[in-house]
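Chains as they are written, first to last, in the numbering used here: chain A, 764 to 928; chain B, 7 to 793; chain C, 8 to 157.
All C-beta atoms, glycine included, are put in the ideal place defined by N, C-alpha and C.
Keep in mind the model is a prediction, meaning the values are calculated, not measured.
The block underneath contains the structure these notes are about, expressed in structure tokens.
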Amino acid sequence: MPNVTITVNGKSHTVDVAPETLLVELLREKLRLTGTHVGCDTSQCGACVVHVDGAAVKSCTMLAMTADGAKVTTIEGLANGSALHPMQEAFREHHGLQCGFCTPGMIMSAVDIVNRKGSELDEHTIREELEGNICRCTGYHNIVKAVAAGAKAMKGGAKPARAAE
Amino acid sequence: MSATGIGAAVRRKEDQRFITGSGNYTSDITRPGEVRAYFVRSPHAHATIKKVNTKAAEKMPGVVAVLTGADLANDKIGGLICGWAITSKDGTPMKMGAHPAVAADKVRCVGDAVAVVLAETLRQARDAAEAVEVDYGVLPSVVDPAKAAAKGAPQIHDVAPNNMIYDWHLGDKAATDAAFASAKHVTKLDIINNRLVPNAMEPRAAIAEYDQGNDALTLWNTSQNPHVARLVISAFVGMAPEHKLRVIAPDVGGGFGSKIFIYPEEVVALWAARRVKRPVKWVSDRSEAFLTDAHGRDHVTKAELALDANHKITGLRVHTIANIGAYMSTFSSSVPTYLYATLLSGQYAIPAIYAEVDAVYTNTAPVDAYRGAGRPEATFVVERLVEVAARELGVDPAELRRKNFVKSFPHQTPVIMAYDAGDYDASLTKAMNMIDYKNFGQRKAASEKNGKLRGIGFSTYIEACGIAPSQAVGSLGAGVGLWESAEVRVNPTGSVEILTGSHSHGQGHETTFAQLVSDRLGVPIETVSIVHGDTDKVQFGMGTYGSRSGAVGMSAIVKALDKIEAKAKKVAGYMMEASGDDIEFKDGKFTVKGTDKSVGWGDVTLNAYIAHKFTGGQLEPGLKEGAFYDPTNFTFPAGCHIAEVEIDPETGKTTIANWVAVDDFGNIINPMIVEGQVHGGIAQGVGQALLEGAHYNSDGQLVTGSFMDYAMPRAADLPSFKVDTTLTPCPSNPLGIKGCGEAGAIASPAALINAITNAVGHENVPMPATPSTVWKAAQGGMKKAAE
Amino acid sequence: MALEMSGEYDLPQKREIVWRALNDPAMLEKCIPGCETLDKLSDTEFQATVKLSIGPVSARFKGKVKLEDIDAPNGYKIVGEGEGGVAGFAKAQASVALADEGEGCKLTYKAEAATGGKIAQLGQRLISGSAKKTADRFFENFVEALKEYK
Numbered sequence: 764m765p766n767v768t769i770t771v772n773g774k775s776h777t778v779d780v781a782p783e784t785l786l787v788e789l790l791r792e793k794l795r796l797t798g799t800h801v802g803c804d805t806s807q808c809g810a811c812v813v814h815v816d817g818a819a820v821k822s823c824t825m826l827a828m829t830a831d832g833a834k835v836t837t838i839e840g841l842a843n844g845s846a847l848h849p850m851q852e853a854f855r856e857h858h859g860l861q862c863g864f865c866t867p868g869m870i871m872s873a874v875d876i877v878n879r880k881g882s883e884l885d886e887h888t889i890r891e892e893l894e895g896n897i898c899r900c901t902g903y904h905n906i907v908k909a910v911a912a913g914a915k916a917m918k919g920g921a922k923p924a925r926a927a928e
Numbered sequence: 007m008s009a010t011g012i013g014a015a016v017r018r019k020e021d022q023r024f025i026t027g028s029g030n031y032t033s034d035i036t037r038p039g040e041v042r043a044y045f046v047r048s049p050h051a052h053a054t055i056k057k058v059n060t061k062a063a064e065k066m067p068g069v070v071a072v073l074t075g076a077d078l079a080n081d082k083i084g085g086l087i088c089g090w091a092i093t094s095k096d097g098t099p100m101k102m103g104a105h106p107a108v109a110a111d112k113v114r115c116v117g118d119a120v121a122v123v124l125a126e127t128l129r130q131a132r133d134a135a136e137a138v139e140v141d142y143g144v145l146p147s148v149v150d151p152a153k154a155a156a157k158g159a160p161q162i163h164d165v166a167p168n169n170m171i172y173d174w175h176l177g178d179k180a181a182t183d184a185a186f187a188s189a190k191h192v193t194k195l196d197i198i199n200n201r202l203v204p205n206a207m208e209p210r211a212a213i214a215e216y217d218q219g220n221d222a223l224t225l226w227n228t229s230q231n232p233h234v235a236r237l238v239i240s241a242f243v244g245m246a247p248e249h250k251l252r253v254i255a256p257d258v259g260g261g262f263g264s265k266i267f268i269y270p271e272e273v274v275a276l277w278a279a280r281r282v283k284r285p286v287k288w289v290s291d292r293s294e295a296f297l298t299d300a301h302g303r304d305h306v307t308k309a310e311l312a313l314d315a316n317h318k319i320t321g322l323r324v325h326t327i328a329n330i331g332a333y334m335s336t337f338s339s340s341v342p343t344y345l346y347a348t349l350l351s352g353q354y355a356i357p358a359i360y361a362e363v364d365a366v367y368t369n370t371a372p373v374d375a376y377r378g379a380g381r382p383e384a385t386f387v388v389e390r391l392v393e394v395a396a397r398e399l400g401v402d403p404a405e406l407r408r409k410n411f412v413k414s415f416p417h418q419t420p421v422i423m424a425y426d427a428g429d430y431d432a433s434l435t436k437a438m439n440m441i442d443y444k445n446f447g448q449r450k451a452a453s454e455k456n457g458k459l460r461g462i463g464f465s466t467y468i469e470a471c472g473i474a475p476s477q478a479v480g481s482l483g484a485g486v487g488l489w490e491s492a493e494v495r496v497n498p499t500g501s502v503e504i505l506t507g508s509h510s511h512g513q514g515h516e517t518t519f520a521q522l523v524s525d526r527l528g529v530p531i532e533t534v535s536i537v538h539g540d541t542d543k544v545q546f547g548m549g550t551y552g553s554r555s556g557a558v559g560m561s562a563i564v565k566a567l568d569k570i571e572a573k574a575k576k577v578a579g580y581m582m583e584a585s586g587d588d589i590e591f592k593d594g595k596f597t598v599k600g601t602d603k604s605v606g607w608g609d610v611t612l613n614a615y616i617a618h619k620f621t622g623g624q625l626e627p628g629l630k631e632g633a634f635y636d637p638t639n640f641t642f643p644a645g646c647h648i649a650e651v652e653i654d655p656e657t658g659k660t661t662i663a664n665w666v667a668v669d670d671f672g673n674i675i676n677p678m679i680v681e682g683q684v685h686g687g688i689a690q691g692v693g694q695a696l697l698e699g700a701h702y703n704s705d706g707q708l709v710t711g712s713f714m715d716y717a718m719p720r721a722a723d724l725p726s727f728k729v730d731t732t733l734t735p736c737p738s739n740p741l742g743i744k745g746c747g748e749a750g751a752i753a754s755p756a757a758l759i760n761a762i763t764n765a766v767g768h769e770n771v772p773m774p775a776t777p778s779t780v781w782k783a784a785q786g787g788m789k790k791a792a793e
Numbered sequence: 008m009a010l011e012m013s014g015e016y017d018l019p020q021k022r023e024i025v026w027r028a029l030n031d032p033a034m035l036e037k038c039i040p041g042c043e044t045l046d047k048l049s050d051t052e053f054q055a056t057v058k059l060s061i062g063p064v065s066a067r068f069k070g071k072v073k074l075e076d077i078d079a080p081n082g083y084k085i086v087g088e089g090e091g092g093v094a095g096f097a098k099a100q101a102s103v104a105l106a107d108e109g110e111g112c113k114l115t116y117k118a119e120a121a122t123g124g125k126i127a128q129l130g131q132r133l134i135s136g137s138a139k140k141t142a143d144r145f146f147e148n149f150v151e152a153l154k155e156y157k
């Protein structure tokens, strides 16, 4: 079996994998990082989004071997120790999740949107950019609010403002 | 209101694990020595199984066993059942065909399991499944419910001639016919309520483990009601006695009804685990989920509304054919009957209603409860009829509604329900103000100037939640009671564990239930934990569906808290040498009435356990109480949704320009969570109305079997919603709660289709109103207008 | 059946030769796209293995090819049906008619195809294109092979 050397959340791993192993299988089954989810088998739902060398990737579409030498960040590696990432904080603050299953992929996609589009995101942009992530619980209303607030907070490096009650 | 008590928008306690990737869903669990299961499924909609040859598969690398329907029958594992008995007009019981977990003689829909491969890895199991040879004798199939009962249609179950499961009715036929005979105006509609796939984002999964030493089984599964799963798998499937079967539903990634039911795969996992004496793990992939999760809706309906000269509704008559699919799923029979026809009075005082429902088998996946379950179908019938009647009569649809609203409570409808409280005028008026109804004409004119069509549509819905009381539902055929249980365990240090029979799969019980306890006991919310979803921890429960957890589940907690308070007062009494009757409890403090003598919560809980201040004869040590709560009535959430759309007649694209929802959910524990439930419900209703439709081709193949072909609502398909509430407390439970989980999905399809038909100028716009459908309708509508 | 197709081809050979070719297992094996084996069971029945890809699903179908309604040398119906294991099944039939035309002959066909299981579920949007392409490729192969057919 070939092996793959991959840095996940700052930690280097060398793992034997069958050539057909997907990145998401490597993460979930070999490294037991089960925060990255599998919600479909046609690369549509986005529950498996992780960052590979800084860019959002659906880890169900990438072979583990292709990620050899890459730096991968999963939802487990987003927070800085016990301090949540501003986007994580924004999802909680704005009730951007219910069952939580799509959430890791949503948050990883959201951070990527900010990385690409900046921190001033209007509703239309956020909705268009979330094309690749499906949520069945929230109707997206609060996810959109969370992404906008999280984006602002990422810029300020501060905690997002508490939502109006 | 305290910052963490009832009515506060407390941020969710459970979110910490979900936003950090630390959730614990069934598929995240790995058991030592587990094998993976992969099912061989029928590619045919209807076929006899002539032979299953597993020899080659058994020799493949890593294969532990290949099991078939014949093996299941040999081991005397019972079939799955539907737990709600419906009786036909002629008094005969519903005709339920056998549903083995693995088919042995015949497959009845694409996706029916014919064998299961167990192997060391999933890939090995999948590869070996390729080598299982099944010899099918292909039979003709039927997928359209309107054709299933026709002469010469393929016969799916021998016990159900003409594929008819029951022909049921409700209401007074003679009185209704008389109302139509004397009506001044009759509005008629043919309605297809489109078939939907629930598609919770977490696919179903099951892990079963056999403990040889104790001859006991444990099942981790994606269930909305683990206790009912245990009961059915024990009592009907005969897998193991209840006390030898533990069912754990850990974090569950959405349900929407589809995870209420007992499914073949969890039965197979348990059976296989005992056979191979190793843990068996099965995780559905999305393709399997499309084929095997119970679908929703799928009604074909003829509906009529009778009105008198004063525009008062005098009668409503409905005939519905309900597609049950290839097998009767766990609660399938109740959905198109007692959850549907009983809501056909809507928010209106209608003197006579008569409904007939034919439930039929087809060669499609089973159909059962999906968010709203029967009530969206009823609301769509009533709210389309009323809107169309208003248009035909040339009156304002809001005014026609107002004229016919139920205005005094309690109100007995002709279809069982006794509405206990509501103010339908209030929610309609508030919604009209929020959407600026009086200036709609200006907005329409502005759209027309830009070559766009604009329409507005109402849906003043009612639903029945917290289905109960048990005695009543029992008399209607339910096989179970619909109460809820709670146990409150107070620890010596004062922290509190609530064990509930409700199950959270997105609803936020860990927060809302804790708010109730924090409010009631005056303890910090951080010191309250909610335990659910494990039959070894929670003694029994009925689970979460039908918007019942607030109204029923929390009421059970209130009852148990009453007992805790009573006992704690006694403890405090002994501590302060006063009678327990003289103790007042407020904000976590016990005070002797009329004095300044008091002790705190933590002192009392400690004393309850150290028991130094009273003898065993005076008081039992400890502070733990349980309660079962059986409500006195259903609850009746109601409200008004108004949708405003703009349509591009050139492309048929519908844009939702405005959406307002004003709901009366009774008292609210956490407005943030309630709003979230409304948003999600609306999204699913918009999905039904605009995007989603499960379609089988004439060969019985599901051709909308992936997210590439089945249009799930995505962020850009939806607007932001304007959501508000009105309040009439529910008189049927101690918290005055009505329930909010399904309202959005119930109200929204009718509002949206009413808006689209208003925009295009005629009524023939079937769901889902995709751009091509709306384009055709817009062309027809414009032609009609031009004539 | 779910899908219908038709087409016609001008062939560079006499009708009798074309007819013989249409009944020649070696010719069929050569022309059926993805055909890996074709074993004669009788004059009108063959056991076949065909590898097919439709959209994301690729599978090896094992099944039978039968010749029915034989009207030598004017035409027949060719019926194929194969099981592809977990991928599902595919079946197709084509009525083929030959008529003299100038130096050669004209072949017209009317075909129907249906699929089931995963291949129908996931490949649905691609099936009509794939089926048409498969039918076209069969006849293109046939025209090509006929040039050297004796």
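Close-in-space but distant-in-sequence residues of the same chain around residue i (CB under 8 Å, 5 per side omitted)
i: G130 of chain C; result: I61, G62, P63, V64, T122 and S137
i: A332 of chain B; result: R114, C115, D118, I162, Y367, T368, N369, T370, A371 and P372
Bridge partners - residue i, DSSP secondary structure assignment
i: K113 of chain C; result: C:D17 and C:A106
i: I648 of chain B; result: B:F464 and B:V666
i: E52 of chain C; result: C:S49 and C:K73
i: A211 of chain B; result: B:V289
i: R252 of chain B; result: B:T224
i: Y729 of chain B; result: Checking the displayed sequence, the identity of residue 729 of chain B turns out to be Val instead of Tyr. Partner(s): B:A667.
Same chain only: Cβ atoms within 6 Å of residue i, ignoring 5 sequence neighbours per side
i: L786 of chain A; result: S822, M825, A827 and A830
i: M12 of chain C; result: A118, K139 and A142
i: G528 of chain B; result: D593 and G594
i: Y4 of chain B; result: This structure does not reach residue 4 of chain B, given that chain B is present from 7 up to 793, and the question cannot be answered.
Nearest to residue i (by Cα), restricted to the options the options
i: K287 of chain B; options: B:V394, B:T320, B:L128 and B:A222; result: B:L128
i: A211 of chain B; options: B:V149, B:G378 and B:D299; result: B:D299
i: E398 of chain B; options: B:D178, B:F296, B:G463 and B:K194; result: B:K194
i: V138 of chain B; options: B:V123, B:D588, B:V148 and B:D150; result: B:V123
i: E626 of chain B; options: B:G632, B:A614 and B:Y635; result: B:A614
i: G89 of chain B; options: B:K101, B:L724, B:P755 and B:P167; result: B:K101
i: A312 of chain B; options: B:A644, B:V192 and B:V274; result: B:V192
Contact test: residue i Cβ vs the ligand COA heavy atom, cutoff 7 Å
i: D221 of chain B; result: Of the ligands one can find in the structure shown there are none, so the ligand COA has no counterpart to examine.
Residues near residue i by beta carbon distance below 7 Å, same chain, minus five either side
i: P32 of chain C; result: L45, K47 and F53
Straight-line Cα distance separating residue j from residue i
i: S37 of chain B; j: G539 of chain B; result: Looking at the sequence itself, residue 37 of chain B is Arg, so the reference to Ser does not match. Cα-Cα distance, rounded: 19 Å.
i: H233 of chain B; j: L789 of chain A; result: 35 Å
i: P146 of chain B; j: R795 of chain A; result: 47 Å
i: D364 of chain B; j: G143 of chain B; result: 29 Å
i: I870 of chain A; j: A159 of chain B; result: 50 Å
Under 8 Å: do the stretch 485-501 of chain B and the stretch 685-703 of chain B share three or more Cβ pairs, one atom per stretch? Segments in contact, no.
The stretch 323-331 of chain B in contact with the stretch 237-255 of chain B per 3-pair CB rule at 8 Å: The stretch 323-331 of chain B, when compared against the stretch 237-255 of chain B, does not touch it at the 8 Å Cβ threshold.
Please determine if the stretch 514-531 of chain B and the stretch 635-648 of chain B are in contact, where contact requires at least 3 C-beta pairs separated by less than 8 Å. Short answer: they don't touch.
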